[in-house]
Structures are given as C-alpha cells and as structure tokens.
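One structure below.
Listed below in structure tokens is the structure:
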C-alpha cells in the first residue's frame with residue numbers, strides 16, 4: 131500500500147537546522163537511589179493507582195514499553211513510578227517526553243513546570259511557552275519564548291512565536307514584521323515567513339497587504355495546503371472568487387496526493403468564506419504545526435510527534451494538523467494511535483475532502499493491521515459516492531493489487547487515469563501507467579503490460595525501474611530479446627549498483643546463451659542484493675549450464691534458506707520450482 135507523505139514545507143524547509151538540544155530519544159531512566167539529590171516534587175494527574183501500578187513494578191512496565199517504542203504504556207508505567215520517586219529528575223524528564231509523545235499535554239506541562247532551570251531543554255521551555263500563553267500569562271510566555279529563541283536564533287518558528295505573543299500585547303504589525311526580518315532569513319523560509327505575515331495583516335484588518343504576502347508565499351511553497359487555503363479564501367473575500375477558485379483547482383491538479391485536503395474551486399463560487407479571525411492559541415498552534423512538519427521532514431519522528439501533539443492541544447479543531455499527525459503516526463508504525471486520529475476526522479463537521487482523505491488513510495491502516503475485507507468494503511462503498519476522486523481510485527487500485535485481485539487493480543487504475551485532471555503532471559500519469567502495467571503482467575496479460583510500460587517510458591525514457599521491469603518481463607517471456615537486452619543495458623548504465631537490475635541483465639545474457647557473462651553479472655547481483663532468493667536461483671541455473679552442478683546446488687539451497695528466513699520469492703510457485711531442481 132502506498133503512503134502519501136504531506137509535501138508542504140518539506141522542500142521549503144529542508145535546509146533549516148533544528149535546535150540542537152531537543153531530546154529525541156533516551157534509554158530508560160533508572161530509579162533513584164537514596165543518595166539521589168531531591169528536587170521539587172510534582173503532582174500528576176491520572177487514574178487512581180493500585181498496588182501494581184506504583185514503584186519498581188510500574189517503572190519496569192514503563193521501561194519495557196519505552197524500549198519497545200510504546201509511549202502510551204511507557205507513560206503509564208513511569209507516572210506510577212514517579213508516585214514513589216517524584217524527585218528523580220531523569221525520570222521526570224523522560225516521562226515528560228513520553229507524555230508529549232502520547233498526547234498527554236497536561237501532565238507534560240506539570241512536569242515541565244517542576245524541572246529545575248538547569249534541567250530545562252528547548253522542548254520543556256517550548257511546553258512552558260505554550261502553557262503560559264494558553265493561561266494568559268503573556269509576559270511570562272514572552273520571556274520564555276526569548277529563551278527558546280536564543281538556542282536557535284535563525285529558526286523562523288521560534289521568532290514567529292515571539293511575534294504572535296508581542297501582537298497579543300498590542301504591538302503593531304509593521305514593527306513586528308520589521309523585527310521579524312531584522313536579522314535576515316534564509317531563502318527557504320520565505321514561504322512560511324510570508325504566510326504568517328499575511329495572517330498578521332489579516333488580524334490587523336489589512337487584507338490587501340495580506341493578499342500580497344500570500345501571493346509571494348504561494349510562489350515560494352506551491353505545495354502548501356495552508357497557504358493555498360488562505361490565499362483562495364482571501365481572494366474570495368476581496369471580491370475575486372473566480373481567482374480563488376482557480377488557486378484551489380490548480381493546487382489540486384498539481385498535488386494529487388494532497389488534493390482532498392483542498393476543496394474544489396466551486397466551493398468558493400458557491401459560499402463566501404467567513405472573515406478571518408484567530409486566537410493566540412490558534413496562532414501559536416499554526417507555528418507549532420509548521421515546526422512539527424519541519425522536524426518530521428528532517429527525520430526526527432519523536433520530536434515531530436511531540437510538537438504536533440502540542441499544537442493539537444492548543445487547537446484541537448485543526449483538522450489538517452490532526453490529519454498530518456495521523457500520517458506521522460502511521461509512518462512511524464504506531465497504527466493503533468494513527469487509526470484513532472483518523473477516526474476523529476470522520477464526523478460531519480469535518481470538511482468533506484478531509485473526511486474522505488481520513489477514510490482512505492483509515493482503510494489503509496486497517497489493511498496494514500491485517501484486515502483485508504473491511505477496508506475493501508468501505509472504500510468500494512465510498513467509490514459509489516465519489517467515482518471521480520483520484521485518490522480514492524488510487525487507493526482502491528493499490529488495495530486490489532495487495533489483495534492479489536489484479537483484474538480489479540487494472541480496473542481501478544484505468545478509472546484513475548480517466549479522472550486525473552488534464553493538468554496532472556506527466557510524472558504522476560507515468561507512475562499510474564507503470565502500476566497498471568505491473569498489474570497486467572501479474573495477470574499474464576503481457577501485451578497490455580507492454581503497452582502501458584512503453585507509454586510510461588515515452589514520458590520518462592530514462593526511468594531505470596521501468597526499463598528494468600519491461601526488459602526483464604520480455605526476457606522472461608521470450609519476447610523481443612534483442613530490444614529487451616538493450617533496455618536492460620540502459621537500465622544498468624543508469625543504476626549499475628542496483629542488484630535487481632544487475633540480475634535482470636545477467637538473466638538476459640542467460641536467455642541468449644552467454645552463460646559466462648550471465649554468471650558474472652548474477653554473481654555481482656548477489657553481492658549487491660544478498661537477500662534476494664530469485665537472484666540465487668538464477669545464479670544456480672547459470673552454474674548448471676556451465677557444468678558446475680555442485681555450485682548450482684549451493685546457490686539453489688541458498689535461495690531456499692532465504693525463503694525459510696522470511697525473504698520473499700517472485701511468486702507462490704517459486705519454492706516448489708527450486709525444490710525440484712534439488713531433487
């Protein structure tokens with residue numbers, strides 16, 4: 131199943147450093163000895179403890195869950211341990227991190243307040259900034275925000291938090307923008323800078339200035355859902371609903387994986403958006419969502435999850451932040467929690483497109499959890515109501531393929547090609563043609579598969595994976611051998627270190643009777659991809675043709691050993707074919 135990663139901010143923010151002392155993960159903390167220095171105790175909230183949920187037993191439960199990557203269970207254990215060891219600073223700090231991971235922001239706040247100043251990190255101070263602002267303690271929040279900014283003064287998100295806090299104390303927008311730009315910003319930050327400047331102008335009642343900033347933001351980050359939504363809405367409110375509709379529709383065509391998160395342009399023609407208004411909590415949440423996506427783009431799953439949960443605590447009605455959080459959890463392998471987040475987006479109050487996107491992701495999560503029937507039924511039912519929704523057709527095609535229902539996969543890929551907008555980037559169309567070609571090949575419809583893959587190659591002639599698949603398919607079926615050989619040589623030139631491609635080229639030599647060259651390439655392929663049973667099977671066949679039966683037997687046996695270790699063969703009959711060779 132394919133998982134679409136949200137791309138807004140990823141390209142624009144990839145070059146920005148994350149604050150160095152944000153703690154990502156630690157080994158489990160240890161229980162205190164009597165000699166551990168005492169610090170201020172902390173009062174936590176949770177279920178009433180029983181005899182088995184306190185002390186060492188609770189700590190061990192938490193430590194095991196922590197090592198297993200289960201933050202919710204680990205948090206429960208450590209909270210119980212803190213009931214008898216509340217002065218343990220290391221335990222407090224790790225419990226705070228897990229509380230943020232699990233979305234238990236109230237306990238994270240209590241723990242952050244309890245840590246001595248010397249033990250404060252960027253993350254704990256960020257929690258305290260949010261806490262103070264949420265409770266209206268603006269001067270305290272501003273002071274803490276300045277401390278956070280000192281860690282990474284070049285990081286736009288920390289400076290934006292100061293700007294929004296200062297706006298809350300009555301400072302005017304021009305001076306705030308001047309301060310924001312005073313130290314200069316890297317070009318990769320221009321999109322986010324202009325988006326938040328636009329929000330400030332809208333809050334100040336200056337929509338024309340906001341519109342100018344939003345247009346610049348859209349140029350800098352054309353894949354941003356937030357910028358697209360605000361730009362379209364602002365255009366409509368300024369008497370240009372047609373232009374706003376065009377912004378929406380252009381985004382949907384250019385960003386198919388995110389299209390459901392932006393309504394069709396006709397919605398702006400039919401309904402005037404409400405005037406822009408935002409609270410301080412919502413402003414800070416928008417910055418935290420940016421920050422969470424930035425950290426995620428840099429591969430730091432834990433801190434990204436913590437920051438996005440903090441954002442959702444401030445603004446639990448931000449359906450887009452919740453959708454991104456669900457995707458983060460899904461990609462991080464925490465499928466049960468991802469399922470819960472997606473399920474919260476299925477209510478009638480959620481915008482239709484986001485609700486549909488959540489249905490699709492929820493179905494894919496359920497499939498990953500082993501339920502092959504429910505997702506299929508749910509998505510097929512949705513398809514009756516949304517027969518023209520590309521993402522739904524794509525998901526159904528991928529689900530059908532994963533269920534090995536290749537006829538249905540071909541049908542849904544065909545429908546996807548029919549409903550893709552005319553402005554769809556050629557690369558996206560190429561991917562669907564290739565995927566449909568693979569489904570055809572699985573049905574042994576080689577002519578149809580060849581047609582789709584050749585069409586895909588016409589779009590991207592230097593795509594090594596398509597060159598390899600088509601060339602290997604032809605070789606394996608005894609078709610167009612000279613042309614197939616040329617395709618495979620080109621693929622190998624493009625990606626000489628790819629074991630699958632080297633294997634294909636070696637197999638092409640084998641099919642042409644050049645067993646010496648076949649053995650050489652196939653041996654190299656095993657070095658490049660030492661866990662592919664099929665490559666060892668091919669190598670064994672080459673050795674047999676060279677009269678080296680003992681070596682052939684060793685290679686075939688290695689193929690079976692890999693299957694026994696859980697590695698996958700090319701098809702269900704592969705094992706039996708190899709076993710017959712060993713008899």
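In this note's numbering, the protein residues as written are 131 to 713.
Even for Gly, the Cβ is constructed at its ideal location relative to N, Cα and C.
Problem - residue 652 vs residue 636 beta-carbon contact at 8 Å - result: yes
Handout entry: Alpha-carbon to alpha-carbon, residue 692 and residue 713
Key = 18 Å
Exercise for the section: Determine the extent of the alpha helix (DSSP H) in which residue 531 is found, giving its start and end residues. Expected result: 520 to 532
Practice task
Measuring alpha carbon to alpha carbon, tell me which of 556, 539, 577 and 549 ends up nearest residue 717.
Solution key: Because the chain spans 131 through 713 in this model, residue 717 falls outside it and cannot be assessed.
Practice task
Indicate the three-state DSSP secondary structure (helix, strand or coil) for residue 516 in the structure shown.
Solution key: coil
Practice task
Consult DSSP for residue 288 and reduce its assignment to one of helix, strand or coil.
Solution key: helix
Practice task
Classify residue 698 as buried or exposed, calling it buried when 16 or more other Cβ atoms lie within 10 Å of its own Cβ.
Solution key: exposed
Handout entry: Closest by C-alpha distance to residue 535, when choosing among 288, 642 and 573
Key = 573
Handout entry: Spatial neighbours of residue 504 in its chain, beta-carbon cut-off 8 Å, leaving aside the 5 residues before and after
Key = 493 and 496
Handout entry: Nearest residue (CA-CA) to residue 433, options 446, 520, 418 and 445
Key = 418
Problem - Per-residue DSSP class, three states only, for residue 406 - result: coil
Handout entry: For residue 180, the three-state DSSP class (helix, strand or coil)
Key = Confidence in residue 180 is poor, its pLDDT being 48 and thus under 50, which makes the residue's placement unreliable; the coordinate value appears in the next sentence. Three-state result, residue 180: coil.
Problem - Buried versus exposed, by CB contacts within 10 Å (16 or more), residue 677 - result: exposed
Problem - Whole runs of the alpha helix (DSSP H) within the region 205 to 290, excluding any shorter than 4 residues - result: 219 to 232, 235 to 244, 252 to 264 and 268 to 281
Exercise for the section: Out of 598, 608, 455 and 630, point me to the one whose CA is closest to residue 617's CA. Expected result: 598
Handout entry: With 16 other Cβ atoms within 10 Å as the buried cut-off, status of residue 461
Key = exposed
Problem - Pairwise C-alpha distance: residue 548 and residue 704 - result: 36 Å
Practice task
Could you tell me which of 306, 188 and 562 sits nearest to residue 526, measuring between CA atoms?
Solution key: 562
Problem - Minimum Cβ-Cβ distance from residue 491 to chain C less than 8 Å - result: The question asks about chain C, but that chain is absent: this structure has only one protein chain.
Problem - Backbone secondary structure at residue 392 - three-state DSSP - result: coil
Practice task
Check whether the Cβ atoms of residue 583 and residue 567 lie closer than 8 Å to each other.
Solution key: yes
Handout entry: Endpoints, the alpha helix (DSSP H) within which residue 649 is located
Key = 645 to 658
Problem - Residue burial classification, residue 191 (beta-carbon count within 10 angstroms, cutoff 16) - result: buried
Handout entry: Meets three-Cβ-pair contact criterion under 8 Å: the region 353 to 360 and the region 376 to 394
Key = yes
Problem - DSSP-derived helix/strand/coil call for residue 463 - result: coil
Handout entry: Burial state of residue 186, where buried means 16 or more other Cβ atoms lie within 10 Å
Key = exposed
Exercise for the section: Tell me whether residue 663 is buried or exposed, calling it buried when 16 or more other Cβ atoms sit within 10 Å of its Cβ. Expected result: buried
Problem - Euclidean distance between Cα positions of residue 168 and residue 217 - result: At residue 168, the pLDDT of 28 sits below 50, so the modelled position is not reliable and the matter cannot be decided from this model.
Problem - residue 556 - DSSP class collapsed to helix/strand/coil - result: helix
Exercise for the section: Give the DSSP-derived three-state secondary structure of residue 502 in the structure shown. Expected result: coil
Problem - Simplified DSSP assignment, three categories, for residue 697 - result: coil
Practice task
On a CA-only basis, which of 199, 213 and 670 is nearest residue 688? Give me that one, please.
Solution key: 670
Exercise for the section: Determine, using beta carbons only, whether residue 381 and residue 287 come nearer to each other than 8 Å. Expected result: no
Problem - Distance, residue 685 Cα to residue 571 Cα - result: 27 Å
Handout entry: Option nearest residue 224 by Cα separation, candidates 236, 241, 214 and 656
Key = 241
Exercise for the section: Would you kindly check if the distance between the Cβ of residue 343 and the Cβ of residue 521 is under 8 Å? Expected result: no
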